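Trainee: Below are the structure tokens for one structure; questions will follow.
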Amino acid sequence: MTLLRNSGYWRWSAGVQLNRLPATMAPLAFTVLTTATTGSYRLGGVMMAVFVAAEMVGAVPTGRLLDRVGPARGLVVLLPLVAAGLFLLAAVASAGAPDWVMLALAIPPGLVAGGLNGGFRTLLAGTVTEEELPRAVSVDAMILEGVIVGGPLLVALLATSGPAVPVLAMAVVALLAALLVPRRTVRRDPQRTVERQSIPVAACVPWLAGLFTVGLLLSTIEVGLLPLVQRLGAPDSATAIVIVVLCAASITGSALYAARGKVGDPRLFLAGFVLGGIVVSVGFGWAGLLGGVALIGLCTGPLMAVSSVNLQKLLPERRRSEGFSLAFTVQASGFGLGSLAIGVLPVWLCPLLGVLAALVSCAMLVARPRRAIGTPSVTS
Numbered sequence: 380m381t382l383l384r385n386s387g388y389w390r391w392s393a394g395v396q397l398n399r400l401p402a403t404m405a406p407l408a409f410t411v412l413t414t415a416t417t418g419s420y421r422l423g424g425v426m427m428a429v430f431v432a433a434e435m436v437g438a439v440p441t442g443r444l445l446d447r448v449g450p451a452r453g454l455v456v457l458l459p460l461v462a463a464g465l466f467l468l469a470a471v472a473s474a475g476a477p478d479w480v481m482l483a484l485a486i487p488p489g490l491v492a493g494g495l496n497g498g499f500r501t502l503l504a505g506t507v508t509e510e511e512l513p514r515a516v517s518v519d520a521m522i523l524e525g526v527i528v529g530g531p532l533l534v535a536l537l538a539t540s541g542p543a544v545p546v547l548a549m550a551v552v553a554l555l556a557a558l559l560v561p562r563r564t565v566r567r568d569p570q571r572t573v574e575r576q577s578i579p580v581a582a583c584v585p586w587l588a589g590l591f592t593v594g595l596l597l598s599t600i601e602v603g604l605l606p607l608v609q610r611l612g613a614p615d616s617a618t619a620i621v622i623v624v625l626c627a628a629s630i631t632g633s634a635l636y637a638a639r640g641k642v643g644d645p646r647l648f649l650a651g652f653v654l655g656g657i658v659v660s661v662g663f664g665w666a667g668l669l670g671g672v673a674l675i676g677l678c679t680g681p682l683m684a685v686s687s688v689n690l691q692k693l694l695p696e697r698r699r700s701e702g703f704s705l706a707f708t709v710q711a712s713g714f715g716l717g718s719l720a721i722g723v724l725p726v727w728l729c730p731l732l733g734v735l736a737a738l739v740s741c742a743m744l745v746a747r748p749r750r751a752i753g754t755p756s757v758t759s
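Residue numbering for the sequence shown is 380 to 759, as defined by the numbering used here.
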């Protein structure tokens, strides 16, 4: 497997995981900071909402900027700006600043950070060969699970040294990510035009819909874990079992996708989402909940990988950072909508929203199979 011997990929992977780590640390880090400085944990939740909103607003403009100056050069400049914003936020909060000041200071790092994942994803295209790309995306999805779990654990550990330490650590991590931005790229055929090419929106919509579905269905599972478990008459601590099953299934699905010699049909993964979402919604006791969650987890990594690879094939080279930033924003909006649904709808109905989104995505792929399904083999 040539990917394992590709040092450029592992440098990219280290950089992108460090870039993602502050986002996984932020919810608990902001809550710890505001609880200690103002006595209000709710302010931490509002601060996180402001930070995420700023990320979504700034994602596409930041991606467009990275396309213009070059993703590698832009990331090296923008990541230290994110670090500076987080340093300032921690310092001002520690000094006892008013609530509105802390909320305002959460906006600048969010605006800048929103498009950085798109820049890193663009660099992946120049770090691995086209044959290695599907496997590279799958391995990245496996590592991401560890980052998602590790972020809050790191905050809990660092908080013992002081309430501002986790936010300061987020800033340090952003600086480390800047040091690991890839410089070496795989030689590819030069692009023949310097004109600004348009993004083929219609062709991208099925893959954006797939990413939206991932965010929507996963959020209804993750955010709705407590009521789903309580519906079975189990104690709140039983949510940990469901989380372990979901994470293990997601890692397994990505590993099987990377190890398999062929990509497979994304409509199969969407069908898994449909079946898993229906089973979780209807119930069937612990067997139904864990089985449905496991099926959703198994299909998550492969669906994200197929969507990512196809988007790269469709996006113009000079607009990939913008396009991938939009894709991450679409997925985040799905997660936000699913979280909102948990707060306003019956718990049994929420997974069915993800089922509906999966059916719509599948219908789009059926309508244009030749343009949408074909992806390169993961054999390398």
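Every residue gets a Cβ at the ideal spot worked out from N, C-alpha and C, and that includes glycine. Quick caveat: nothing in here was measured; it's all calculated off a predicted structure.
1. If we ignore side chains and look at the alpha-carbon of each, how far apart do G423 and V624 end up?
2. Please name the residue, chosen from P477, C583, A476 and A469, that lies closest to P760 on a Cα-to-Cα basis.
3. What are the complete alpha helix (DSSP H) segments, minimum 4 residues, inside the segment 673-706?
4. Along the chain, where does the alpha helix (DSSP H) that runs through E601 open and close?
5. Classify T508 as helix, strand or coil using the three-state DSSP reduction.
6. Do L649 and L555 have their C-beta atoms within less than 9 Å of each other?
7. Output yes or no for whether 9 Å exceeds the beta carbon distance between A583 and L728.
8. Express the C-alpha separation of P401 and T410 in angstroms, rounding to a whole number.
9. Does DSSP put P569 in a helix, a strand or coil?
10. Going by DSSP, what residue range makes up the alpha helix (DSSP H) through A553?
11. Considering only residues of the same chain and omitting the five flanking positions on each side of R646, which have a CB-CB separation below 8 Å?
12. Can G713 and L595 be called in contact, C-beta distance under 9 Å?
13. Could you spell out the range, first to last residue, of the alpha helix (DSSP H) harbouring W389?
14. Does the distance from the C-beta atom of G651 to that of L677 stay below 9 Å?
15. Given a threshold of 16 other Cβ atoms within 10 Å of its Cβ, counted over all protein chains shown, does F663 qualify as buried or as exposed?
16. Might you give, ordered along the chain, the residues of its own chain that have their beta carbon closer than 8 Å to the beta carbon of L512, omitting 5 neighbours on each side?
17. For D644, does the three-state DSSP call read helix, strand or coil?
18. Let's see if you can read the secondary structure: which residues bound the alpha helix (DSSP H) around T539?
19. Which residue marks the beginning of the alpha helix (DSSP H) containing P477, and which one marks its end?
20. For the 8 Å Cβ check, are there 3 or more pairs between the segment 485-501 and the segment 448-456?
21. Using a Cβ-Cβ cut-off of 6 Å (strictly less than) and excluding sequence neighbours within five positions of M481, which residues of its own chain qualify?
22. Could you tell me which of A492, V518, P561 and V593 sits nearest to A550, measuring between CA atoms?
23. Mapping the DSSP letters down to three states, classify W727 as helix, strand or coil.
24. Taking the CB atoms as reference points, tell me whether V709 and L587 lie closer together than 9 Å.
25. Using C-beta distances below 6 Å, list every residue in its chain close to I527, excluding the 5 sequence neighbours before and after it, in chain order.
26. Mind the definition here: the segment 413-430 touches the segment 483-490 only if three or more C-beta pairs lie below 8 Å; say whether that holds.
27. If you measure between the beta carbons of S633 and S517, is that distance less than 9 Å?
28. Using C-beta distances below 8 Å, list every residue in its chain close to P561, excluding the 5 sequence neighbours before and after it, in chain order.
29. Does DSSP put R639 in a helix, in a strand, or in coil?
30. May I ask you to report which of helix, strand or coil DSSP gives G493?
31. Give the range of the alpha helix (DSSP H) segment to which Q609 is assigned.
32. What is the rounded straight-line gap between the Cα of L547 and the Cα of A581?
33. Could you compute how far the alpha carbon of E601 sits from the alpha carbon of V672?
34. Give me the residue from L611, N496, L460 and E696 with the minimum Cα distance to S577.
35. Taking all protein chains shown into account, do 16 or more other C-beta atoms lie within 10 angstroms of the C-beta of T679, making it buried, or fewer, making it exposed?
36. According to DSSP, simplified to helix, strand and coil, what is G424?
Mentor: In short, the structure shows the following:
1. Distance between the alpha carbons of G423 and V624 is about 29 Å.
2. Past the boundaries of the shown model lies residue 760; the chain is included only from 380 to 759, so the question cannot be answered.
3. List check, alpha helix (DSSP H) in window: nothing returned.
4. Its alpha helix (DSSP H) spans residues V580 to E601.
5. DSSP places T508 in coil when its eight states are reduced to three.
6. Contact flag unset, no.
7. First, the residue type needs correcting, since residue 583 is Cys and not Ala in the sequence shown. Their beta carbons are not under 9 Å apart, which means C583 does not touch L728 by this criterion.
8. Straight across, the Cα-Cα distance linking T410 with P401 is about 14 Å.
9. Because the pLDDT of P569 is 46, which lies under 50, any placement of that residue in the model is unreliable, and the number read from its coordinates should be weighed accordingly. Here P569 sits in coil by DSSP.
10. Taken as a continuous stretch (DSSP letters only), the alpha helix (DSSP H) holding A553 covers V544 to L558.
11. Closer than 8 Å at Cβ, skipping near neighbours: C741, L744, V745 and I752.
12. Going by C-beta atoms, G713 is nearer than 9 Å to L595.
13. Element bounds for W389: S386 to T417.
14. Less than 9 Å divides the Cβ of G651 from the Cβ of L677.
15. F663 should be labelled exposed.
16. Excluding sequence neighbours, L512 sits near L503, A504, V688, Q691 and P755.
17. In the structure shown, D644 sits in coil (DSSP, three-state: anything other than H, G, I, E or B).
18. DSSP places T539 outside any alpha helix (DSSP H), giving it a letter other than H or E.
19. For P477, no alpha helix (DSSP H) run applies, since DSSP gives it neither H nor E.
20. With a cut-off of 8 Å, the segment 448-456 and the segment 485-501 count as touching, because enough Cβ pairs lie within range.
21. Cβ-Cβ distances below 6 Å link M481 to A472 in the same chain, with the five nearest sequence neighbours on each side left out; the list follows chain order.
22. Its Cα nearest to that of A550, the residue A492 stands out among A492, V518, P561 and V593.
23. Looking at W727 - three-state DSSP - the assignment turns out to be coil, as it is neither helix nor strand.
24. Inclusion of V709 and L587 in the CB contact set at 9 Å is warranted, their separation being smaller than that value.
25. Beyond the five residues adjoining it in sequence on each side, I527 comes within less than 6 Å, by CB distance, of T403 in the same chain, given in chain order.
26. With the cut-off at 8 Å, the segment 413-430 and the segment 483-490 touch.
27. Contact flag set, yes.
28. Closer than 8 Å at Cβ, skipping near neighbours: G387, R390, W391, G394, A451, L502, G505 and T506.
29. In the three-state reduction of the DSSP assignment, R639 falls in the coil class.
30. In the structure shown, the three-state DSSP call for G493 is coil.
31. From DSSP, the alpha helix (DSSP H) with Q609 extends over L604 to Q609.
32. Roughly 42 Å separates the two Cα atoms.
33. Linking E601 to V672 through their CA atoms gives a straight-line distance of about 10 Å.
34. Taking S577 as reference, the option from L611, N496, L460 and E696 with the minimal CA-CA separation is E696.
35. Buried, since its Cβ has 16 or more Cβ neighbours within 10 Å.
36. G424: helix per DSSP, three-state reduction.
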